[in-house]
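Visitor: Submitted below is the structure of interest, expressed as structure tokens.
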Amino acid sequence: MAFAGITGIGACLPEKILTNFDLEKMVETSDEWIRTRTGIKERRIADENTAASDLATEAAKRALEDAGLKPEDIDMIIVATVTADMPFPATACIVQKNIKAVNAAAFDLEAGCTGFIYSLSIATQFIENGTYKNILVIASDTLTKITDFKDRNTCILFGDGAGAIVVSRVEEKGILSNFLKSNGNGGDLLYIPAGGSRKPTTIETVRKKQHYIQMNGSEVFKFAVKVMGEAAESALKMANVSLEDVKMLIPHQANQRIIDAAARRLNISRDKVYINLDKYGNMSSATVPIALEEAVKMGKIKKGDIIVLVAFGAGLTWGANVIKWIK
Ligand code: UT7
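As numbered in the numbering used here, the sequence shown has no gaps in its residue numbers, which increase by one up to the final residue, 398.
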């Protein structure tokens, strides 16, 4: 059996920063409320000319360079996103065109904020069963494009960004386990009512703002706290790794209080939990690879370290990967 491991990583964040103080001028809120309720201080915003594929393309190029591979070495491109450039073609196909990955199969994966965890799991299967050698897994989201900046319940939370990894056939097992789960019964806790086949876009749906994110924040909060710990524990069990052997937990960056509660439930010390949501907010599927890239770049993750990635999101979906850093 072939082994899968991460051989390259890259990220891309838009330059424009929106601070809590900027938001104070847009809705009835305060820097203090946002910081104490969420932990977020600022977030990045993609400008009107920047789509998910643009951030994904840049992140992908950086991951390829880091892996020392050429675009034509890539066999498959998976883009996890809830903010595709358009309903079709897939954002992954647009990235393929941009980077000239002429030998790749490309498709998008939609699993809400858990999209990166799901995509990494799929890449692992294609590597381990011997079908492919190099797969680009990209998570790119521009949530601010589907956010109502008059709704203070949601607009303070979200930001834009992309992270990418190359998953390759390697000598040493780098992806130790993947745990995925979903519960469609909770779909209406976090969704966009219109713009799909259920309710195609009309002047009326736009007037009712049904093309924007609708969220039951407190219910998502409770769900998140419960499943983050469960997912991490299940993935660790599958990998036969104990929590003491974990160098770092990289959780989906949605809310500081969710992360703190999940860490308490897991009984993992805070210094082992990587947090950067103060700078970027919730970037959906992109939060985990961007945090991973940052931790690696800062030297907090070294060869041989065991890391747990864990996320939850719309669907509802949740999941975790246990990885060994092999670079
Ligand atoms: O990737 C998954 C995406 N979603 C999430 O992860 C969201 C998870 N949920 C959360 O992070 C939290 O539920 C929120 C941050 C969204 C809200 O925090 P909360 O502690 O659950 O507050 P709440 O919704 O219970 O609201 C408390 C109060 C309300 O006022 P009343 O009804 O008690 O008078 C809200 O109207 O805070 C009010 N409020 C605000 N006040 C100032 C809500 N948003 C704001 C705001 N500024 N931006």
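Don't be surprised by glycine CBs; every beta carbon is placed ideally from N, CA and C.
For Gly-81, which residues does DSSP report across the bridge?
Guide: Ala-235
Visitor: Return the CA-CA distance between Ile-227 and Asn-91, expressed in angstroms with no decimal places.
Guide: 7 Å
Visitor: Nearest CA to the CA of Gly-258: which residue from Lys-279, Ile-378, Phe-294 and Ser-192?
Guide: Phe-294
Visitor: My output table needs one value for Asp-125: the three-state DSSP class, helix, strand or coil.
Guide: Of the three classes helix, strand and coil, the one that applies to Asp-125 here is helix, per DSSP.
Visitor: Return the Cβ separation of Lys-343 and Met-319 in integer angstroms, given the expectation that the two are a contact with Cβ distance under 8 Å.
Guide: 6 Å
Visitor: Measure the C-alpha to C-alpha separation of Asp-118 and Ile-394 and round it to an integer number of angstroms.
Guide: 34 Å
Visitor: Tell me the DSSP secondary structure of Leu-396 in three-state form.
Guide: The sequence shown places Trp at residue 396, not Leu. The answer is coil: DSSP assigns Trp-396 none of H, G, I, E or B.
Visitor: Counting only runs of 4+ residues fully inside the stretch 164–232, write out the alpha helix (DSSP H) ranges in chain order.
Guide: 186–199 and 223–226
Visitor: Counting only runs that start and end within the stretch 268–334, where is the alpha helix (DSSP H) found for 4 or more residues in a row?
Guide: Residue ranges of uninterrupted alpha helix (DSSP H) with 4 or more members, entirely inside the stretch 268–334 and ordered along the chain, are 274–278 and 288–310.
Visitor: One question on the structure: do Ala-265 and Ser-211 come within less than 8 Å of each other, judged by their Cβ atoms?
Guide: no
Visitor: Of the residues Glu-86, Asn-205, Gly-81 and Gly-390, which one's Cα is nearest the Cα of Glu-136?
Guide: Gly-81
Visitor: For Ser-192, count neighbouring Cβ atoms within 10 angstroms of its own Cβ and tell me buried if that reaches 16, exposed if not.
Guide: buried
Visitor: For Ile-330, which residues in the same chain have their Cβ closer than 7 Å to its Cβ, ignoring the five residues on either side in sequence?
Guide: The answer, listed in chain order, is Pro-322, Val-344 and Ile-346.
Visitor: Report buried or exposed for Ile-274, applying the criterion of at least 16 other Cβ atoms within 10 angstroms of its Cβ.
Guide: exposed
Visitor: What first and last residue would you give for the alpha helix (DSSP H) that runs through Asn-91?
Guide: 91–95
Visitor: So Leu-180 packs on Ile-149, CB below 8 Å; how close in whole Å?
Guide: 6 Å
Visitor: With Gly-232 and Leu-126 assumed to form a contact (beta carbons below 8 Å), what rounded beta-carbon distance in angstroms separates them?
Guide: Rounded, the Cβ-Cβ distance is 6 Å, consistent with contact.
Visitor: Below 6 Å CB to CB, which residues in the same chain sit around Gly-384 once its five sequence neighbours on both sides are set aside?
Guide: Gly-183, Cys-184 and Thr-185
Visitor: Asn-249 bridges to which residues according to DSSP?
Guide: Beta-bridge partners of Asn-249 (DSSP): Asn-392.
Visitor: Does DSSP put Leu-140 in a helix, a strand or coil?
Guide: coil
Visitor: Please work out which residues of its chain come closer than 8 Å, Cβ to Cβ, to Gln-281, disregarding the five sequence neighbours upstream and downstream, and give them in chain order.
Guide: Ile-263, Pro-264, Ala-265, Gly-266 and Lys-270
Visitor: How should Arg-133 be labelled, buried or exposed, when 16 other C-beta atoms within 10 angstroms of its C-beta is the threshold for buried?
Guide: Around the beta carbon of Arg-133, 16 or more other beta carbons sit within 10 angstroms, so the residue counts as buried.
Visitor: According to DSSP, is Val-153 part of a helix, a strand, or is it coil?
Guide: DSSP places Val-153 outside both helix and strand once states are collapsed to three, so it counts as coil.
Visitor: Please name the residue, chosen from Ala-75, Ala-73 and Arg-114, that lies closest to Glu-86 on a Cα-to-Cα basis.
Guide: If we check each option's Cα against that of Glu-86, Arg-114 comes out closest.
Visitor: Taking only the alpha-carbon atoms, compute the straight-line gap between Met-286 and Val-359 and give it to the nearest angstrom.
Guide: 21 Å
Visitor: Sort Ala-161, Pro-142, Val-317 and Ile-111 by Cα distance to Ser-124 and report the nearest one.
Guide: Here the closest residue by C-alpha is Ala-161.
Visitor: Do you know offhand how far Phe-197's Cα is from Asp-219's?
Guide: Approximately 38 Å, taken between the alpha carbons.
Visitor: Helix, strand or coil: which one does DSSP assign to Glu-365?
Guide: Glu-365 falls in the helix class under three-state DSSP.
Visitor: Inspect the beta-carbon positions of Ala-177 and Asp-146 and report whether they are closer than 8 Å.
Guide: no
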